[in-house]
Amino acid sequence: MKTYLLTAAAVSFALATASIASAQSYAVEASGYQWGPRAHYHASTYEEGVLRGQADVIRSWGSYNYYSSLAAVNLEEARSRYIQNREKATKTYFEMRRVNAQARAAERPERLTAQQLTKIAKQRAPQRLAAHQFNPATGELFWPAVLHEPQYASLRTEIDLLMSTRSPGAPSDGTSRQITQAAEKLLDQLRSNIATYPTTDYLQAKKFLVSVKREMQFPASPAGLAMN
3 MKTYLLTAAA VSFALATASI ASAQSYAVEA SGYQWGPRAH YHASTYEEGV LRGQADVIRS
63 WGSYNYYSSL AAVNLEEARS RYIQNREKAT KTYFEMRRVN AQARAAERPE RLTAQQLTKI
123 AKQRAPQRLA AHQFNPATGE LFWPAVLHEP QYASLRTEID LLMSTRSPGA PSDGTSRQIT
183 QAAEKLLDQL RSNIATYPTT DYLQAKKFLV SVKREMQFPA SPAGLAMN
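In this text, residue positions in the sequence shown follow this note's numbering: the first is 3, and each later residue adds one.
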């Protein structure tokens, strides 16, 4: 009898212990967590696992659509900014061209009138012989010092002779043409010796010969005293 009671008590204790362990295991599994090196999460039932899987798929599609939409928005914004930058760059380019054109126009000198051009041409034209260079009554020339050198004697003498025989009348007579040609030859000879003279002396002699040629464009007359 006593052995029977001990056996029954042991069986009852074992069942109680198993029941407690089972209950603890169920509670842990129902909460979705386990402790220990093999801890992992799983659905407590098959139906719950199916539902959780469907929810994950739906959530994944939602995330995909959201991020796709966000990327499209970012791309459209980047495209809009690119177009705005291009438009701004184009406007800036043409504005700079307009400003440059205005600046060049402002710096460009005004177009001269016909009267102004005529006046400038007269000012730049060779001057006639002055009174200290030429006696119109006798045709005598007063040569600058450089042209008194021996190498110019031949042409200088020829010009002096032609000037003394020049008759009043039209400036295009034969004597005037001969004087012009001789003065041109003398000018060429002077140019060939340009390195020999100081700049001031050379320019003075050159200007004198140019004025001699200019004087031949006017009639020879005692009343034709050259004007400065």
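C-beta: ideal position from N, C-alpha, C; glycine also.
For this session: State whether the stretch 90 to 108 contacts the stretch 186 to 197, with contact taken as three or more CB pairs (one from each stretch) at a distance under 8 Å.
Result: no
Exercise. How long is the line joining the alpha carbons of H150 and F210, rounded to whole angstroms?
Worked result: Translated into positions along the sequence shown, residue 150 becomes position 148. Translated into positions along the sequence shown, residue 210 becomes position 208. Roughly 13 Å between the two C-alpha positions.
For this session: For V214, collect the residues of the same chain with a Cβ closer than 6 Å to its Cβ; drop the 5 residues on either side in sequence, then sort them by chain order.
Result: On the sequence shown, residue 214 is found 212 positions in, with the first residue counted as 1. So the list reads A185, once near-sequence residues are dropped.
Problem set entry | Status (buried if at least 16 other CB within 10 Å, exposed otherwise) for P138 | Translated into positions along the sequence shown, residue 138 becomes position 136. Buried, because 16 or more other Cβ atoms sit within 10 Å of the Cβ of P138.
Exercise. Between the C-alpha atoms of R296 and S65, what's the straight-line distance to the nearest angstrom?
Worked result: There is simply no residue 296 to check, as the chain begins at 3 and stops at 230 in what is shown.
For this session: Determine the contact status of V212 and P128, defining contact as a CB-CB distance below 7 Å.
Result: Locating residue 212 in the sequence shown gives position 210, counting from the first residue. Locating residue 128 in the sequence shown gives position 126, counting from the first residue. A contact, by the Cβ cut-off of 7 Å.
Exercise. Along the chain, which unbroken stretches of the alpha helix (DSSP H) at least 4 residues long are found entirely within the stretch 86 to 148?
Worked result: Within the stretch 86 to 148, the complete alpha helix (DSSP H) segments at least 4 residues long are 116 to 126, listed from N- to C-terminus.
Problem set entry | Expected contact under 8 Å - CB spacing of R130 and R193 to nearest Å | Counting from 1 along the sequence shown, the entry for residue 130 is found at position 128. Counting from 1 along the sequence shown, the entry for residue 193 is found at position 191. About 22 Å; that fails the 8 Å criterion.
Exercise. Does DSSP put M165 in a helix, in a strand, or in coil?
Worked result: As a working note, residue 165 is residue 163 in the sequence shown. Helix at M165.
Problem set entry | Per-residue DSSP class, three states only, for A207 | Walking along the sequence shown from the start, residue 207 turns up at place 205. Helix.
Problem set entry | Secondary structure of T47, DSSP reduced to three states | The residue given as residue 47 occupies position 45 in the sequence shown. Three-state result, T47: coil.
For this session: Determine the burial state of R88: buried for a count of at least 16 other Cβ atoms within 10 Å of its Cβ, exposed for fewer.
Result: Counted from its first residue, the sequence shown places residue 88 at position 86. Exposed: under 16 other Cβ atoms inside 10 Å.
Problem set entry | Alpha-carbon spacing of R110 relative to Q117, whole angstroms | In the sequence shown, the residue the question calls residue 110 occupies position 108. In the sequence shown, the residue the question calls residue 117 occupies position 115. One C-alpha to the other measures close to 20 Å.
Exercise. Hey, quick one: how far does the alpha helix (DSSP H) through E186 stretch, first residue to last?
Worked result: Counted from its first residue, the sequence shown places residue 186 at position 184. Bounds of the alpha helix (DSSP H) holding E186 are G176 to S194.
For this session: Whole angstroms is fine: what's the gap from E97's alpha carbon to T182's?
Result: Translated into positions along the sequence shown, residue 97 becomes position 95. Translated into positions along the sequence shown, residue 182 becomes position 180. The straight-line gap from Cα to Cα measures roughly 59 Å.
Exercise. Which same chain residues, not among the five before or five after R168, have their C-beta less than 6 Å away from its C-beta?
Worked result: The residue you call residue 168 lines up with position 166 of the sequence shown. Closer than 6 Å at Cβ, skipping near neighbours: G141, T177 and A222.
For this session: State the Cα-Cα distance for the pair M165 and L205, rounded to the nearest angstrom.
Result: On the sequence shown, residue 165 is found 163 positions in, with the first residue counted as 1. On the sequence shown, residue 205 is found 203 positions in, with the first residue counted as 1. Distance between the alpha carbons of M165 and L205: 23 Å.
For this session: Indicate the three-state DSSP secondary structure (helix, strand or coil) for Y69 in the structure shown.
Result: Counting from 1 along the sequence shown, the entry for residue 69 is found at position 67. Of the three classes helix, strand and coil, the one that applies to Y69 here is helix, per DSSP.
Problem set entry | Buried versus exposed call for Q135 [16 or more other C-beta atoms within 10 Å across all chains shown] | If you number the sequence shown from 1, residue 135 lands on position 133. Q135 counts as buried, since at least 16 other C-beta atoms from the protein chains shown sit within 10 angstroms of its C-beta.
Exercise. Just to confirm, are A207 and V148 a CB contact at a threshold of 7 Å?
Worked result: Residue mapping note: residue 207 aligns to position 205 of the sequence shown, counting from 1. Residue mapping note: residue 148 aligns to position 146 of the sequence shown, counting from 1. It is a contact, given that the beta carbons lie within the stated cut-off.
For this session: Determine the closest residue to F220 out of D203, P200, P170 and T198, with distance taken between C-alpha atoms.
Result: Here residue 220 corresponds to residue number 218 of the sequence shown, with the count starting at 1. Among D203, P200, P170 and T198, the Cα nearest to that of F220 is on P170.
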